[in-house]
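Per this note's numbering, the sequence shown runs over residues 29 to 208.
Notes to accompany the following structure.
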Amino acid sequence: MRPKSITRCEGNGMAENTEIRWEYDVVEVGQTGPKLTIEVTEELIATYAKAVRNPNPDYYPPESCELERLVKLAMPTMIFRVAPLRRPDIAANNGFTALEKASENPRQTPFSKCEVRWHAPIQSGDSITSFGHILSKEERRGNKFVTFRVEATNQNDEKVAEYDYTCVFEYGKGQNTRES
29 MRPKSITRCE GNGMAENTEI RWEYDVVEVG QTGPKLTIEV TEELIATYAK AVRNPNPDYY
89 PPESCELERL VKLAMPTMIF RVAPLRRPDI AANNGFTALE KASENPRQTP FSKCEVRWHA
149 PIQSGDSITS FGHILSKEER RGNKFVTFRV EATNQNDEKV AEYDYTCVFE YGKGQNTRES
């Protein structure tokens, strides 16, 4: 099935395709997004801790130099900050427009589940490089699911974590839809 594309007429009367929607039928296992590198600093750790309302003083700047540790560990959930999913980037890297970014009839691909595996701690001074790719597609009870995997390594090319993120790309007939 050919994906839906949006066609617009330019001022010269010529039609131009501006986007091809990343619908379930054109999502392919193995499609990959670009790599992203984020530097982990003590400030980034503290900002994240504040944003998620974690009061643990280990994540904040020390009160005095005597208390300062050589390295600050990041909380495990910070993996989502330093190695974000970036679905629209995966779509764009493969020539498509993510459904939530489509210019006409945009829609979400709702979260279904997430499973994280940690391999090494993330700490201040690390450079975390991550990328996402399509791990699997499946249909269950008429619903169509896509599972993404994000893999993250540090500056020593040591895997620090990976997570699988599954979302509903299409609901089965008669199930929760925008039209219902």
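C-beta: ideal position from N, C-alpha, C; glycine also.
Taking a cut-off of 8 Å for Cβ pairs, the region 140-155 and the region 114-129 do not touch, as fewer than three such pairs fall below it. Annotated as proximal: valine 174 and valine 55, with beta-carbon spacing under 8 Å. Across the structure, methionine 106 and isoleucine 73 are spaced so that their CA atoms are roughly 8 Å apart. Judged by beta-carbon spacing, glycine 61 lies within the 8 Å limit of phenylalanine 159, meaning their Cβ atoms are closer than that value. With fewer than 16 other beta carbons inside 10 angstroms of its own, glutamate 128 counts as exposed. According to the DSSP secondary-structure assignment, isoleucine 162 is paired through a beta bridge with Phe176.
In the structure shown, asparagine 171 adopts extended strand secondary structure according to DSSP, grouped into three states. Boundaries of the alpha helix (DSSP H) around valine 110: 107-110. If you draw a straight line from the Cα of alanine 130 to the Cα of glutamate 198, it comes to about 15 Å.
In this structure, the alpha-carbon of lysine 201 lies about 29 Å from that of threonine 46. Beta-bridge partners assigned by DSSP to leucine 64: Ser158. Residue pairing of tryptophan 146 in beta bridges, as defined by DSSP: Ala189.
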